[in-house]
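Student:
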């Protein structure tokens with residue numbers, strides 16, 4: 001399974017941006033690029049755009065996941081507290097019943 005992290009995406013984006021800048025600078029120096037070279041440059045630009053979008057999407061997914069996990073943890077803590085409160089209440093009721101039985 002391939003794990004894509006923001007760090008990996010950012011490294012690839014930086015590489016492609018450097019490559020794209022190099023290609024743009026080369027284009028200024030030599031405007032006589034062959035069709036094949038122009039196609040490669042266009043493909044690099046498209047891939048750079050895709051990677052930028054992927055990076056944004058990964059960031060959004062991280063934020064959604066973080067929010068979800070925080071909510072689940074909060075809900076779990078509340079559930080545990082309710083359970084503990086109920087247990088304490090039941091213990092108190094049992095103690096009261098014992099006391100009543102002993103008094104009678």
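In our numbering, the protein residues as written are 1 to 104. Built from N, CA and C at the ideal position, the CB exists for glycine as well. None of these values were measured; they are calculated from a predicted model.
Check the C-beta distance from residue 47 over to residue 16 and give it rounded, since I have them as a contact under 8 Å.
Tutor: Indeed they touch by this definition, with Cβ atoms about 6 Å apart.
Student: Taking residue 9 and residue 58 to be in contact with their CB atoms under 8 Å, please state how far apart those CB atoms are, rounded to whole angstroms.
Tutor: Contact holds; Cβ gap of about 6 Å.
Student: Please report how far the alpha carbon of residue 101 lies from the alpha carbon of residue 94, in whole angstroms.
Tutor: Whole-angstrom Cα-Cα distance: 10 Å.
Student: Helix, strand or coil, according to DSSP, for residue 66 in the structure here?
Tutor: If DSSP states are grouped into helix, strand and coil, residue 66 belongs with the helices.
Student: Once you ignore the five residues that flank residue 2 on each side, which residues in its own chain have a CB closer than 6 Å to its CB?
Tutor: Because residue 2 sits at a pLDDT of 49, beneath the cut-off of 50, its placement in the model cannot be relied upon, and the following sentence gives the value as read from the coordinates. Taken in chain order, the list of residues that qualify is empty.
Student: Going by DSSP in three states, residue 34 sits in which element: helix, strand or coil?
Tutor: Three-state DSSP puts residue 34 in coil, outside helix and strand.
Student: Just the Cα atoms here: how many angstroms apart are residue 34 and residue 62?
Tutor: So the two alpha carbons sit approximately 42 Å from each other.
Student: Classify residue 29 as helix, strand or coil using the three-state DSSP reduction.
Tutor: The pLDDT assigned to residue 29 is 48, lower than 50, so where the model puts this residue is not dependable; a value taken from the coordinates is nonetheless given after this. Residue state, collapsed to three classes: helix.
Student: Measuring alpha carbon to alpha carbon, tell me which of 38, 82, 12, 84 ends up nearest residue 53.
Tutor: Per the Cα distances, 12.
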